[in-house]
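Written below as structure tokens is the structure these notes are about.
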Amino acid sequence: MATQIFVNLPVKDLNRSVEFFTKLGYTFNPQFTDEKATCMIISDTIYVMLLTVPFFQTFTKKEIIDAHKAIECSIALSAESKDAVNVMVDKAAAAGATIPNPATDYGFMYQHSFEDLDGHHWEFIWMDPNGIPEHQG
Numbered sequence: 001m002a003t004q005i006f007v008n009l010p011v012k013d014l015n016r017s018v019e020f021f022t023k024l025g026y027t028f029n030p031q032f033t034d035e036k037a038t039c040m041i042i043s044d045t046i047y048v049m050l051l052t053v054p055f056f057q058t059f060t061k062k063e064i065i066d067a068h069k070a071i072e073c074s075i076a077l078s079a080e081s082k083d084a085v086n087v088m089v090d091k092a093a094a095a096g097a098t099i100p101n102p103a104t105d106y107g108f109m110y111q112h113s114f115e116d117l118d119g120h121h122w123e124f125i126w127m128d129p130n131g132i133p134e135h136q137g
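In UniProt numbering, the protein residues as written are 1 to 137.
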């Protein structure tokens, strides 16, 4: 069985977050959804658990940061093309996301990002497998 990843993110308004990510085309596993949390399906091996802030706090004694003011991680996902990167970021912007930076095109790699309603940073990246420069040592 392939390793699965479950990214856990605190959200202030679960219903609003579900509505936002639904507009981006994601679906949710009803078996792992209640008033405190939901399991957003990214792929067969990647999931994002959206947890209300009080529920998220039960898993840690640390302070939960305000992702609008600080960053702990950037969630980066691959896309099939440059156009697919732009489509996802455009969908996010239309659904209320903030676009912190313009797209970056390195020739072999294209990336663009958004911050979701809770300020979490999402990167979408396309890489040309034939255009990756060789590592210079």
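Think of the CB as a built atom: it goes at the ideal place given N, C-alpha and C, for glycine as much as any other residue.
Here the structure is a predicted model, which means the values were calculated and not measured.
- Name, in chain order, the residues that DSSP records as bridge partners for Cys39. Asn29, Met49
- Label Ser17 either buried or exposed according to how many other C-beta atoms from any shown protein chain fall within 10 Å of its C-beta, with 16 as the threshold for buried. buried
- Message: Between the stretch 112-130 and the stretch 88-104, can you find at least three pairs of beta-carbon atoms closer than 8 Å?
- Response: yes
- Query: For Leu77, does the count of other Cβ atoms within 10 angstroms reach 16, so buried, or fall short, so exposed?
  - Reply: exposed
- Just checking my contact of Thr45 with Thr104 at CB under 8 Å: how many whole Å lie between their CB atoms? Actually they are not in contact, since the Cβ atoms of Thr45 and Thr104 sit about 27 Å apart, beyond 8 Å.
- Message: Suppose you measure from the CA of Glu63 to the CA of Gly131; what does that come to, to the nearest Å?
- Response: 42 Å
- Message: Suppose you measure from the CA of Asp90 to the CA of Leu24; what does that come to, to the nearest Å?
- Response: 9 Å
- Task: Using alpha carbons as the reference points, say which of Phe6, Ala93, Met88 lies closest to Met40.
- Result: Phe6
- Item | Paired residues, beta bridge with Glu63 - DSSP | According to DSSP, which records beta bridges pairwise, Glu63 is partnered with nothing at all.
- Spatially closest choice to Ile125 from Ala93, Ala94, Ser74, by CA coordinates: Ser74
- Message: Taking 8 Å as the threshold (C-beta atoms), are Val87 and Asn52 in contact?
- Response: According to the sequence as given, residue 52 is Thr; it is not Asn. No, they are not a contact pair.
- Name the residue from Leu14, Met1, Ala92, His121 whose alpha carbon lies nearest to the alpha carbon of Ala70. His121
- Return the CA-CA distance between Ala84 and Met127, expressed in angstroms with no decimal places. 12 Å
- Using the rule of at least 16 other Cβ atoms within 10 Å of the residue's Cβ for burial, across every protein chain shown, is Phe21 buried or exposed? buried
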